[in-house]
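Residue numbers (the numbering used here): 2 to 61.
Note that CB positions come from ideal geometry on N, CA and C, so glycine has one too.
The structure appears below as structure tokens.
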């Protein structure tokens, strides 16, 4: 059965690293590598806003 979220707005607020297509979507959206995404989630949790802020702060 396909991965279809019941509440898409809630789903977009949190980053899931559980499936390859989700990782690809987030790395494309946030313009980062998979490792940068994983490091950011480990540092600040899975809130998309927190990860975006973390990645923005840590850009060279």
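Taking the C-alpha atoms as reference points, what is the distance between residue 29 and residue 20? Near 14 Å, if we compare the C-alpha coordinates of residue 20 and residue 29.
Check the C-beta distance from residue 31 over to residue 53 and give it rounded, since I have them as a contact under 8 Å. About 6 Å separates the two Cβ atoms, so the contact holds.
In whole angstroms, what separates the C-alpha of residue 33 from that of residue 45? Taken atom to atom, the span from the alpha-carbon of residue 33 to that of residue 45 is near 16 Å.
For residue 60 and residue 50, what's the separation of their Cα atoms in angstroms? The alpha-carbon atoms of residue 60 and residue 50 are separated by roughly 16 Å.
Using beta-carbon positions only, say whether residue 43 and residue 56 come within less than 7 Å of one another. No.
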